[in-house]
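In what follows, a single structure is set out as structure tokens and then discussed.
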DNA sequence: CGCGACGTTGATTTGCCTCAACGATTGTGG
DNA sequence: CCACAATCGTTGAGGCAAATCAACGTCGCG
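Protein chains in written order, with our numbering: chain C, -9 to 193; chain Y, -9 to 193.
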């Protein structure tokens, strides 16, 4: 199983923002990663089954979701250069509550929890990567939580439009609705209302 | 400024679950922590001001909250043995969106971000503590998010009753309501409904 | 071409909010 | 230790934003 060079370069760039590694250390790190390709709407894993790897997204888009009363609700979206894992298995506390599937065709690089733990042993400074990853995941959850706590459906959508245009452009509308915690019909009405009352600069 | 021995012992116990330190290393770690006492309803910091420390709760209970349209909405509750910090300042991205205040009289041990960064340099294995703390904060946010995404007001309350009885017993009802994202009146009605239809074992 | 998934629009329902009033409890100063 | 005010929880009535149910046009894909 070979890994595309460009994919590895993206991965290295992402890690290099956090720690510096020499050639020997890079060899150690990179040996553990292996590729996974997903086609649009193909699942990585489903809710209830364990997630045993951390993923780096080289390209494409995935979403986490759970099923309630037969309909899907989206948790988060991830794009190229994002990291994702479901921490429930890692922390050993529970089976996953979210499933993950591809929204677009995807290329991922995975490292198993077992190998990651090994890496932490071999290269203690790699702990820093784990910490920064967890902290930034935490940060994005916090931001989302603020929106949940404070904003109405319309405000949430405007917020998303402003801060994450990627999502609006690349994700089907019904998934955006389920991410915002509203029904597709409601989002459709919100969009109509917004387009009738466009943004007026300096009004 | 002296730190009570029992307080230090709790802190050491919490860290010892993650890494082993020798006497010399403990000296390095402990020198950075300093105590803070809060009286019931006293703020640690308010939304918009920076948070420059990580806190370990020795005793008592604090909550995070934000203000929307003049009324307070609770983000999370923390109890003895919990860790808390607002990551927005740490990550250098924004001023705090949540304020923190004491729900009960509290004793905290704080370490400044500056000293924590210093500690990471001096004792690289302490990165592991930072990682585990971020991971477990992330985990509890995930759990809360699942509730937000999946449960009605009544289900959320029952969930809380089952998984975090601490909150029900030690926190005023209107704060619980604001944590669940509902109004005090609604929580009151939910409680009445539940007490009229008590849990029936194996029914 | 025809089917299924997607987005839109309308009519109706509903869970929760809002506003208002009222006991119960707490805590504070005389 | 009591009187009083303030805070807290409860209950009722009415309103609203979003859900639900239903129908329909459009697009993409096999």
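Heads up, the beta-carbon is just placed ideally off N, CA and C, and yes, glycines get one too.
Burial state of residue i (16 or more Cβ within 10 Å)
i: residue 135 of chain Y; result: buried
i: residue 6 of chain C; result: exposed
i: residue 50 of chain Y; result: buried
i: residue 130 of chain Y; result: exposed
i: residue 168 of chain C; result: buried
i: residue 63 of chain Y; result: buried
i: residue 107 of chain Y; result: exposed
i: residue 32 of chain Y; result: exposed
i: residue -6 of chain C; result: exposed
i: residue 60 of chain Y; result: exposed
i: residue 192 of chain Y; result: Legend: pLDDT at residue 192 of chain Y = 37, less than 50; position of this residue unreliable, no value from coordinates given.
i: residue 183 of chain C; result: exposed
i: residue -1 of chain Y; result: exposed
i: residue 186 of chain Y; result: exposed
Test item: CB-CB of residue i and residue j under 7 angstroms
i: residue 103 of chain C; j: residue 73 of chain C; result: no
i: residue 117 of chain C; j: residue 118 of chain Y; result: yes
i: residue 52 of chain Y; j: residue -3 of chain Y; result: no
i: residue 41 of chain C; j: residue 76 of chain C; result: yes
i: residue 87 of chain C; j: residue 56 of chain C; result: yes
i: residue 157 of chain C; j: residue 8 of chain C; result: no
i: residue 54 of chain C; j: residue 38 of chain C; result: no
i: residue 3 of chain Y; j: residue 128 of chain C; result: no
i: residue 82 of chain Y; j: residue 36 of chain Y; result: no
i: residue 22 of chain Y; j: residue 141 of chain Y; result: no
i: residue 143 of chain C; j: residue 166 of chain C; result: no
i: residue 133 of chain Y; j: residue 26 of chain Y; result: no
Cβ-Cβ separation, residue j to residue i (assumed contact under 8 angstroms), whole Å
i: residue 160 of chain C; j: residue 94 of chain C; result: 7 angstroms
i: residue 146 of chain Y; j: residue 137 of chain Y; result: 5 angstroms
i: residue 24 of chain C; j: residue 109 of chain C; result: With 8 angstroms as the limit, residue 24 of chain C and residue 109 of chain C do not qualify as a contact, their Cβ atoms being about 14 angstroms apart.
i: residue 155 of chain Y; j: residue 164 of chain Y; result: Residue 155 of chain Y to residue 164 of chain Y, Cβ: 18 angstroms. No contact.
i: residue 47 of chain Y; j: residue 96 of chain Y; result: 7 angstroms
- Just by C-beta distance, which residues in the segment 108 to 121 of chain Y are closer than 7 angstroms to chain C? Listed in sequence order: 114, 115, 117, 118, 120, 121.
- Select from the segment 156 to 168 of chain C all residues with a C-beta closer than 8 angstroms to any C-beta belonging to chain Y, and list them in chain order. Under the 8 angstroms Cβ criterion, the segment 156 to 168 of chain C contributes no residue.
- Task: Identify each residue in the segment 50 to 61 of chain C for which the Cβ-Cβ distance to at least one residue of chain Y is less than 8 angstroms, and report them in chain order.
- Result: Cβ contacts with chain Y: 56, 58.
- Query: Which residues, in chain order, does the segment 61 to 75 of chain C contribute to contact with chain Y at a C-beta distance below 8 angstroms?
  - Reply: Of all residues in the segment 61 to 75 of chain C, the ones placed with a Cβ closer than 8 angstroms to any Cβ belonging to chain Y are 63, 65, in chain order.
- Residues of the segment 124 to 141 of chain Y with Cβ closer than 9 angstroms to any Cβ of chain C, in chain order: The segment 124 to 141 of chain Y vs chain C, Cβ under 9 angstroms: 124, 125, 126, 127, 128, 129, 131, 132, 133, 134, 135, 136, 138, 139, 140, 141.
- Task: Name, going along the chain, the residues of the segment 4 to 29 of chain Y whose beta-carbon falls closer than 8 angstroms to a beta-carbon of chain C.
- Result: Contact annotation: in the segment 4 to 29 of chain Y, no residue has its CB less than 8 angstroms from a CB in chain C.
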